[in-house]
Amino acid sequence: MTNKAVVLTGTSPLFAELHQLFAEKGYQVLSLAQAATNSAAVAFAVEVSNLDLEQKAEEIRQLDSLLAPDVPILTTSLAITATEVASWTKHPERVCGFGTLVPLVERELIELAPALQTEAKTLQAAEAFFQSLGKETEAVNDEVGLVFPRILSLIINEAAFTLMEKAATARDIDIAMKKGTNYPYGPLEWADRIGLDEIYAISRGLQRDLAEERYRTAPLLRKLVLAGRVGVRSGQGFYAYESKAEAKA
59 MTNKAVVLTG TSPLFAELHQ LFAEKGYQVL SLAQAATNSA AVAFAVEVSN
109 LDLEQKAEEI RQLDSLLAPD VPILTTSLAI TATEVASWTK HPERVCGFGT
159 LVPLVERELI ELAPALQTEA KTLQAAEAFF QSLGKETEAV NDEVGLVFPR
209 ILSLIINEAA FTLMEKAATA RDIDIAMKKG TNYPYGPLEW ADRIGLDEIY
259 AISRGLQRDL AEERYRTAPL LRKLVLAGRV GVRSGQGFYA YESKAEAKA
């Protein structure tokens, strides 16, 4: 690969961690504005908005018009399918979905979700790109939430319902799940680490796409996000955090 510049855009908490990882691996990281004056140097575009789909569509369309047709656009498909995102572009063959959750240091695998329009060479390029970042890849079907993010968000959503129904306290729910499943975290503390806005985006996306009652978002989760209480990043979510050290504990 001769070009080492990557356009990175979006509002997900994944943005900051990807920015750091790209820089550590020797990529020049460009904003949309910077890419407008240096588009010839761009090897990949990575877009990571999940909650605000209008903003996501605007960013995707800007990338599509700005970059050469052979530059892959990799987009998080946690709240919407890559096929739908690709339909917003004039060059849908270069769009490929992907998904993971923060913190990236704990994630060995990046899931790739090629759209129905994605060309084989785009998927191959996406695989090589994430492998250059030290991550394994696995191609999955293009469905909202992919695999790990979808399943984990559903567990967290059910834990939020359990908390709402006063079946147990947040701490007791997390202790029961950690000891009962041997997961590294309880679902509520895990949600706080990932960001409740990310979990809400996935849950809302599943309900939007599949329209089934079992994907209904817990009202408590929605309210916390609307209040800006998204977890560790904001200092409050299902738990309150008085310091960064406490949040990382």
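For the sequence shown, this note's numbering assigns the number 59 to the initial residue and increments by one for each residue that follows.
For every residue, glycine included, the Cβ atom is placed at its ideal position computed from N, Cα and C.
Same chain only: Cβ atoms within 8 angstroms of residue i, ignoring 5 sequence neighbours per side
i             : result
aspartate 110 : Thr69
threonine 134 : Gly68, Ser70, Leu72, Glu105, Val106, Ser107, Asn108, Gly155, Phe156, Gly157
Pairwise C-alpha distance: residue j and residue i
i              : j                 : result
methionine 59  : phenylalanine 206 : Low confidence applies here, because methionine 59 scores a pLDDT of 44, under 50, leaving its location unreliable and the question unanswered by this model.
arginine 280   : proline 150       : 32 angstroms
alanine 303    : alanine 226       : Low local confidence applies: a pLDDT of 46 at alanine 303 is under 50, so the model's placement there is unreliable, with the coordinate-based value given in what follows. Cα to Cα, the separation comes out at about 26 angstroms.
alanine 94     : serine 123        : 10 angstroms
histidine 77   : threonine 275     : 30 angstroms
threonine 220  : proline 245       : 11 angstroms
lysine 237     : serine 211        : 19 angstroms
leucine 57     : lysine 224        : This structure does not reach residue 57, given that the chain is present from 59 up to 307, and the question cannot be answered.
glutamine 265  : asparagine 199    : 18 angstroms
threonine 139  : tyrosine 299      : 34 angstroms
isoleucine 257 : alanine 228       : 17 angstroms
leucine 282    : tryptophan 248    : 15 angstroms
glutamine 189  : valine 143        : 23 angstroms
leucine 159    : glutamate 117     : 21 angstroms
asparagine 240 : alanine 197       : 27 angstroms
glutamine 175  : isoleucine 233    : 44 angstroms
isoleucine 252 : tyrosine 243      : 11 angstroms
proline 130    : glutamate 166     : 22 angstroms
tyrosine 85    : glutamine 182     : 19 angstroms
tyrosine 273   : serine 145        : 25 angstroms
alanine 269    : arginine 119      : 27 angstroms
CB contact flag (residue i, residue j, <7 angstroms)
i             : j                 : result
leucine 170   : phenylalanine 156 : yes
leucine 278   : methionine 235    : no
alanine 173   : threonine 195     : no
valine 288    : leucine 254       : yes
aspartate 250 : phenylalanine 296 : yes
glutamate 75  : leucine 162       : yes
glycine 263   : alanine 137       : yes
leucine 125   : serine 97         : yes
Residue from the options with nearest C-alpha to residue i
i             : options                        : result
glutamate 164 : Val283, Leu72, Glu271          : Leu72
leucine 204   : Ala259, Gly244, Gly84          : Ala259
threonine 180 : Val153, Lys193, Thr195, Gln189 : Val153
threonine 147 : Ile138, Ala115, Thr139, Glu166 : Ala115
serine 261    : Gln182, Asn215, Ala91, Glu177  : Asn215
proline 127   : Gln294, Pro161, Ala101         : Ala101
serine 208    : Lys193, Asp232, Asp267         : Reading off the sequence shown, one finds arginine at residue 208, where the question assumed serine. Per the Cα distances, Asp267.
leucine 121   : Ser145, Lys83, Val65           : Val65
Contacts around residue i, its chain only, beta-carbon distance under 7 angstroms, and the 5 residues preceding and following it disregarded
i          : result
leucine 81 : For clarity, residue 81 is alanine in the given sequence; the question names leucine instead. For alanine 81, where only same-chain residues beyond five positions count, the Cβ hits under 7 angstroms are Val87.
Spatial neighbours of residue i in its chain, beta-carbon cut-off 6 angstroms, leaving aside the 5 residues before and after
i             : result
leucine 132   : Val104, Cys154, Phe156, Ala184
alanine 217   : Ile231, Pro245, Leu246
lysine 193    : Ile168
glutamate 177 : Glu151
glutamine 113 : Ser107
Beta carbon proximity, residue i to chain D, threshold 7 angstroms
i             : result
glutamate 177 : This model lacks chain D altogether, as it is built from one protein chain only.
message: To test your reading of the DSSP string, which unbroken alpha helix (DSSP H) runs of 4 or more residues are found completely within the region 181-269?
response: 206-222, 228-239, 245-252, 254-268
Whole runs of the alpha helix (DSSP H) within the region 131-161, excluding any shorter than 4 residues: 140-144
query: Curious, which full-length beta strand (DSSP E) runs of at least 3 residues does the region 62-108 contain?
result: Runs of the beta strand (DSSP E) lying entirely within the region 62-108 and spanning at least 3 residues, in chain order: 63-67, 86-88, 100-105.
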